[in-house]
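For the sequence shown, the numbering used here begins at 1 and goes up steadily by one.
Structure first, then comments.
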Amino acid sequence: MSQYFALDYTGEPFVLFGKAHLIYLALVALAGAAMFFWKPGEKTRRAFRIGLGVALIVNELIWHIWNIAVGTWSPQTMLPLHLCAVLVWMMPIMLFTRSYKLYEFAYFLALGAATQALLTPDIGLYGFPHMRFFVNNGSHALMVISACFMTGVEGFRPTWKSLRKTLIGLFLYAIPVFGINMLLGSNYLFINHKPETASLIDVLPEWPWYLIHLMVIAVVLFTLLYLPFAIKDWRASRAAARVEAAGI
């Protein structure tokens, strides 16, 4: 049992899009999709929201405790400055308080950044069933499910203003993080150089040009995430226009 918590893991290594990874992705996709069909009562919704928030906090605490225990915690890698590290503390507040202001950011960042982290997880060789496989993937899975829950079950939805606020906020946030990276020799947000492990950034040009590509990708990705709502609004406006034209 101890090997599943060991720093020097001797079990099966993680394989990108291997069997364990694909099963995990399928389970997260099913759970996220279920949030758009589930119609629980108010008490169940509240309990589920609190449960998700607590799970996010406990999962993150386990991650930090493990890194301290094995001697790998450092300010260069473990400060809550990556997008998902910020989200993992922001989303419980959103869930506990039903904050729409936090939801506006969480919707785009969770379904954008956390989904990408699920597709290309930064877990090294720690494959199933090592603790890091569950903790790393678990945090991102909980973020995605939380965003889907707030949208599908709680009835929240982003607006064009939400999209604009998220993009501007992301850009402004990156500026001080770049400076922190320079001071610490870290690479939070992966804006000072490409990540050490395999990621979608590998197919982009070298620094600093890939930063421009990342900004463009963020605009396109967030716009696609908003597209279902834009189409819904467009259809509603056309239907209203037809009713008005018919004099009903």
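Glycine residues also receive a C-beta, built at the ideal position from the N, C-alpha and C atoms.
Alpha-carbon to alpha-carbon, Val-28 and Gln-8: Reading the sequence shown from its first residue, position 8 is the one you call residue 8. Reading the sequence shown from its first residue, position 28 is the one you call residue 28. It should be noted that the sequence gives Asp, not Gln, for residue 8. Cα to Cα, the separation comes out at about 28 Å.
Cβ pair Cys-84, Ala-113 closer than 8 Å: Here residue 84 corresponds to residue number 84 of the sequence shown, with the count starting at 1. Here residue 113 corresponds to residue number 113 of the sequence shown, with the count starting at 1. Cβ atoms of Cys-84 and Ala-113: closer than 8 Å.
Buried versus exposed, by CB contacts within 10 Å (16 or more), Trp-63: Numbered from 1 along the sequence shown, position 63 holds the residue referred to as residue 63. By the Cβ neighbour-count rule, Trp-63 is buried, with 16 or more other Cβ atoms within 10 Å of its own.
Contact check, Thr-166 vs Phe-229, beta carbons under 8 Å: Within the sequence shown, the letter at position 166 stands for residue 166. Within the sequence shown, the letter at position 229 stands for residue 229. For Thr-166 and Phe-229, no; Cβs fall outside 8 Å.
Every unbroken alpha helix (DSSP H) within the stretch 127-178, with a cutoff of 4 residues, ordered by chain: Segments of the alpha helix (DSSP H) lying fully in the stretch 127-178: 131-152.
Proximal residues to Gly-138 (C-beta, below 7 Å), its chain only, five neighbours per side dropped: Along the sequence shown, read from residue 1 onward, the residue named residue 138 stands at position 138. Correct list, in chain order: Asn-59.
Reduced DSSP category for Pro-21 - H, G, I as helix; E, B as strand; rest coil: Stepping through the sequence shown from its first residue, residue 21 is reached at position 21. The displayed chain sequence assigns His, not Pro, to residue 21. The answer is helix: DSSP assigns His-21 an H, G or I state.
Alpha carbon of Ile-145 to alpha carbon of Lys-19, nearest angstrom: Taking the sequence shown and counting its residues from 1, one reaches residue 145 at position 145. Taking the sequence shown and counting its residues from 1, one reaches residue 19 at position 19. Taking the straight line joining both Cα atoms gives about 22 Å.
Segment contact flag, the stretch 124-136 with the stretch 29-37, C-beta cutoff 8 Å, min 3 pairs: no
Within 8 Å, strictly: CB atoms of Ala-147 and Leu-183: If you number the sequence shown from 1, residue 147 lands on position 147. If you number the sequence shown from 1, residue 183 lands on position 183. Contact flag unset, no.
Sub-8 Å separation of His-82 and Leu-204 beta-carbons: Numbered from its first residue, the sequence shown carries residue 82 at position 82. Numbered from its first residue, the sequence shown carries residue 204 at position 204. No. Outside cutoff.
Integer-rounded CB distance, given that Leu-95 should sit under 8 Å from Leu-52: The residue you call residue 52 lines up with position 52 of the sequence shown. The residue you call residue 95 lines up with position 95 of the sequence shown. Yes, they are in contact, since the Cβ atoms of Leu-52 and Leu-95 sit about 5 Å apart, within 8 Å.
Residue range of the unbroken alpha helix (DSSP H) whose run includes Tyr-103: The residue you call residue 103 lines up with position 103 of the sequence shown. Counting along the chain, the alpha helix (DSSP H) containing Tyr-103 begins and ends at 100-109.
Reduced DSSP secondary structure (H/G/I, E/B, other) of Tyr-4: Within the sequence shown, residue 4 is the residue found at index 4, counting from 1. It is helical.
Euclidean distance between Cα positions of Glu-42 and Pro-176: The residue you call residue 42 lines up with position 42 of the sequence shown. The residue you call residue 176 lines up with position 176 of the sequence shown. Cα-Cα distance, rounded: 41 Å.
Cβ-Cβ distance between Lys-194 and Tyr-210 below 8 Å: On the sequence shown, position 194 is the one that residue 194 refers to. On the sequence shown, position 210 is the one that residue 210 refers to. Yes; because the gap between Cβ atoms is below 8 Å, this pair is in contact.
Neighbour-count burial assignment, Pro-92, 16 or more Cβ in a 10 Å radius: Mapped onto the sequence shown, residue 92 falls at position 92. Flag for Pro-92 reads buried.
Distance CB(Tyr-103)-CB(Met-150) smaller than 8 Å: Start at 1 with the first residue of the sequence shown, and residue 103 comes out as number 103. Start at 1 with the first residue of the sequence shown, and residue 150 comes out as number 150. Their beta carbons are under 8 Å apart, which means Tyr-103 touches Met-150 by this criterion.
Top-ranked residue by Cα proximity to Ala-117, from Gly-155, Met-143 and Gly-127: In the sequence shown, the residue the question calls residue 117 occupies position 117. Closest by alpha carbon: Met-143.
Chain-order list of residues whose beta-carbon lies under 7 Å from that of Gln-76 (same chain, five-residue window excluded): Your numbering for residue 76 matches position 76 in the sequence shown. Within the same chain, Gln-76 has close Cβ partners Leu-184, Gly-185 and Ser-186.
Through-space distance from Ile-191 to Asn-181, alpha-carbon basis: Looking up residue 181 in the sequence shown gives position 181. Looking up residue 191 in the sequence shown gives position 191. The alpha-carbon atoms of Asn-181 and Ile-191 are separated by roughly 9 Å.
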